[in-house]
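Using this note's numbering, you'd call the opening residue of the sequence shown number 175 and step up by one each time. Read through the structure below, which is laid out as structure tokens, and then see the notes.
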Amino acid sequence: MSSATTIQSLPNELLIAIAAAAQLGCGVNEPINSRPEWILSHFCRRFRHVIIAAPALWSNLSICLNHVQQRERLEEIFKLFLRRSIPLNVAVSLRILSPAADATNVLADWLSQIVPEFNRVQSLSVALESNRDDLAGEFVPLCHLAAPNLLHVDIAIISTSRSSLPTRRCPVELFSFGAPKLSSVRMRGFFPFPTPTWISSPTRLELDNVGRLLDGDDIHYLSIVMQPLALVYLRLDLSEVLFVPADQIRIPSLKFLSVTVDDGDGQYLQKIVNLFDCTALTEFTFVGTHGDQIMWLLDMPYLRSSYPLLHTLSFINTEQPRCHCASSGIVVPTRTHFSEIPLFPALSSLVLINQCFTSYLLREIFSTRAMPWPCLKMLTLSLEFSLEYGSGDVRRTLRDTIRHSSQTIPKLRLCRTLFFLAEGQEGGVDVEVFDPEETVKRFRVVDD
Numbered sequence: 175m176s177s178a179t180t181i182q183s184l185p186n187e188l189l190i191a192i193a194a195a196a197q198l199g200c201g202v203n204e205p206i207n208s209r210p211e212w213i214l215s216h217f218c219r220r221f222r223h224v225i226i227a228a229p230a231l232w233s234n235l236s237i238c239l240n241h242v243q244q245r246e247r248l249e250e251i252f253k254l255f256l257r258r259s260i261p262l263n264v265a266v267s268l269r270i271l272s273p274a275a276d277a278t279n280v281l282a283d284w285l286s287q288i289v290p291e292f293n294r295v296q297s298l299s300v301a302l303e304s305n306r307d308d309l310a311g312e313f314v315p316l317c318h319l320a321a322p323n324l325l326h327v328d329i330a331i332i333s334t335s336r337s338s339l340p341t342r343r344c345p346v347e348l349f350s351f352g353a354p355k356l357s358s359v360r361m362r363g364f365f366p367f368p369t370p371t372w373i374s375s376p377t378r379l380e381l382d383n384v385g386r387l388l389d390g391d392d393i394h395y396l397s398i399v400m401q402p403l404a405l406v407y408l409r410l411d412l413s414e415v416l417f418v419p420a421d422q423i424r425i426p427s428l429k430f431l432s433v434t435v436d437d438g439d440g441q442y443l444q445k446i447v448n449l450f451d452c453t454a455l456t457e458f459t460f461v462g463t464h465g466d467q468i469m470w471l472l473d474m475p476y477l478r479s480s481y482p483l484l485h486t487l488s489f490i491n492t493e494q495p496r497c498h499c500a501s502s503g504i505v506v507p508t509r510t511h512f513s514e515i516p517l518f519p520a521l522s523s524l525v526l527i528n529q530c531f532t533s534y535l536l537r538e539i540f541s542t543r544a545m546p547w548p549c550l551k552m553l554t555l556s557l558e559f560s561l562e563y564g565s566g567d568v569r570r571t572l573r574d575t576i577r578h579s580s581q582t583i584p585k586l587r588l589c590r591t592l593f594f595l596a597e598g599q600e601g602g603v604d605v606e607v608f609d610p611e612e613t614v615k616r617f618r619v620v621d622d
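As structure tokens, then:
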């Protein structure tokens with residue numbers, strides 16, 4: 175029996191199932207002309223007839239432009255996907271990885287094509303490789319638009335290095351006629367302005383890699399999270415925000431908060447901690463911190479805000495080259511306040527990744543004078559990327575702490591650089607090795 179005869183004899187449902195199974199192995203950003211539904215539709219007439227008539231197979235619309243010469247061909251295929259997916263809702267992914275000057279307005283043209291069908295768009299992902307400062311114009315087709323079924327938005331300027339990013343980031347206006355079902359918004363290199371009416375809908379919001387703001391833009395930027403919000407997860411880049419308002423950011427529903435910070439003055443972290451009033455918060459992550467800033471935070475006599483449920487506090491440095499604080503004459507503050515009431519009374523997990531002055535921090539954390547977090551159950555430490563960070567000092571401090579501290583030592587999660595305890599434990603202390611790369615990767619501001 176020939177293969178043609180075999181395919182002719184198969185029921186339509188089985189052919190559709192074969193195509194659907196092939197799709198399971200596709201990545202989110204699989205090029206549209208390499209997707210199995212496209213390839214199988216050209217395999218034979220029988221497959222083509224059945225697959226074209228199955229809208230569910232065409233509901234993932236993904237374009238990746240690597241060279242401007244591909245543009246016309248990809249646009250033709252994209253239109254076919256859009257037409258064949260009717261009447262179902264679709265996921266749209268547009269990636270423009272050609273920063274050449276003649277790629278200008280490609281994104282605006284592609285967005286214009288989906289505007290007539292935007293009531294069917296459930297997910298929109300846009301990734302743009304560019305160093306232009308005037309990218310807001312690319313999103314004009316989405317300004318005065320309703321998105322009644324949109325659930326997820328991810329818009330990003332991408333790069334493999336900070337130096338190739340635009341010098342400032344763009345406020346963009348999106349969906350001014352409403353997006354009532356929107357649950358997740360991720361914007362890297364952009365932020366919505368004016369503050370949209372739909373901002374109260376999402377439970378997850380990520381505003382990252384904001385970069386340099388124009389005069390006054392920091393006020394508009396912060397106004398986004400000053401609204402009544404239903405957020406559970408917030409990731410916010412404050413590294414270029416010079417204005418810290420007196421009014422607090424109150425989000426009663428928030429459980430996870432990640433803030434990218436600047437290497438500001440000694441009181442900088444204190445100001446950021448006091449900026450938020452999130453009584454349900456369970457995880458608080460700072461990205462871009464330095465050890466001396468953390469020491470200043472430890473020395474706070476009290477907090478303006480209350481974090482009664484906070485159980486995980488993380489300080490992560492992701493950028494290279496590593497800081498040179500230890501060799502630049504920076505003085506580590508001496509802790510002078512030893513309140514019997516800990517800053518975060520429920521804290522059970524502390525994470526320190528690539529922090530300078532880690533040895534100082536360890537001595538204070540396990541100080542016999544007043545341990546800042548008596549309920550601490552786990553301490554995660556990594557100096558994975560730089561041996562010159564003083565990993566030898568940290569190892570010695572850990573040994574001394576384990577052997578001589580009168581405090582209960584929590585479980586230790588250590589990178590391989592710091593893992594020195596034979597068979598994973600010494601003196602009854604539970605120790606495990608972990609790979610910090612996955613944690614660091616989550617908080618990097620540039621894409622590979």
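Cβ atoms here follow ideal geometry from the backbone N, Cα and C, with glycine treated the same way.
Item to complete: Under 7 Å Cβ to Cβ from residue 230, same chain only, skipping five residues before and after it: list those, please.
Response: Counting only Cβ-Cβ distances below 7 Å, and skipping sequence neighbours, we find 262.
Worksheet entry | residue 213 versus residue 243 - alpha carbon distance | Going from the Cα of residue 213 to the Cα of residue 243 covers about 21 Å.
Discussion item. Taking the straight line between their C-alpha atoms, what separation do you get for residue 602 and residue 554?
Written reply: Each residue's Cα considered, the two are about 17 Å apart.
Worksheet item: Any idea if residue 465 is buried or exposed, counting beta-carbon neighbours within 10 angstroms, 16 or more meaning buried?
Response: Counting C-beta atoms within 10 angstroms of its own C-beta, residue 465 has 16 or more neighbours from the protein chains shown and is therefore classed as buried.
Discussion item. In the DSSP output, what is residue 345 paired with across the bridge?
Written reply: Bridge partners of residue 345: 365.
Worksheet item: Exposed or buried, residue 260, counting other C-beta atoms within 10 Å across all chains shown (16 or more means buried)?
Response: Around the beta-carbon of residue 260, fewer than 16 other beta-carbon atoms lie within 10 Å, marking it exposed.
Worksheet item: Which first and last residues belong to the beta strand (DSSP E) in which residue 459 is found?
Response: That run of the beta strand (DSSP E) goes 457-461.
Worksheet item: What's the call for residue 393, buried or exposed, on a 16-neighbour Cβ count within 10 Å?
Response: Of the residues assessed, residue 393 falls on the exposed side of the cut-off, its CB having fewer than 16 other CB atoms within 10 angstroms.
Item to complete: State the DSSP-derived secondary structure class of residue 263, mapped to helix, strand or coil.
Response: Residue 263 falls in the coil class under three-state DSSP.
Discussion item. Looking at the secondary structure, which residues open and close the alpha helix (DSSP H) in which residue 242 lies?
Written reply: Taken as a continuous stretch (DSSP letters only), residue 242 belongs to no alpha helix (DSSP H), as it is neither H nor E.
Discussion item. So, for residue 571: in the same chain, excluding its five sequence neighbours on each side, which residues have a beta-carbon less than 7 Å away from its beta-carbon?
Written reply: So the qualifying residues of the chain are 533, 536 and 537.
Item to complete: List the DSSP bridge partners of residue 326.
Response: By DSSP's assignment, residue 326 forms a beta bridge with 297 and 358.
Worksheet entry | Inter-residue CB distance, residue 248 and residue 235 (contact presumed, cutoff 8 Å) | Cβ-Cβ separation between residue 248 and residue 235: approximately 11 Å, too far for a contact (criterion under 8 Å).
Item to complete: Starting from residue 211, trace the alpha helix (DSSP H) both ways and give me its first and last residue.
Response: In the DSSP annotation of this structure, the continuous segment of the alpha helix (DSSP H) that includes residue 211 starts and ends at 210-214.
Practice prompt. Compare the Cα-Cα distances from residue 612 to each of 433, 556 and 529 and report the closest residue.
Written response: Relative to residue 612, the option among 433, 556 and 529 whose CA is nearest is 556.
Worksheet entry | Outcome for residue 180 when other beta-carbon atoms lying within 10 angstroms are tallied against a minimum of 16 | With fewer than 16 other Cβ atoms within 10 Å, it is exposed.
Discussion item. Using 8 Å as the cut-off, can you tell me whether the region 464-483 makes contact with the region 399-418, which would need three or more C-beta pairs spanning the two stretches below that distance?
Written reply: No: the two stretches stay apart, fewer than three of their Cβ pairs being nearer than 8 Å.
Discussion item. Here's the rule: buried if 16 or more other CB atoms are within 10 angstroms of the residue's CB, otherwise exposed. What is residue 317?
Written reply: It counts as exposed.
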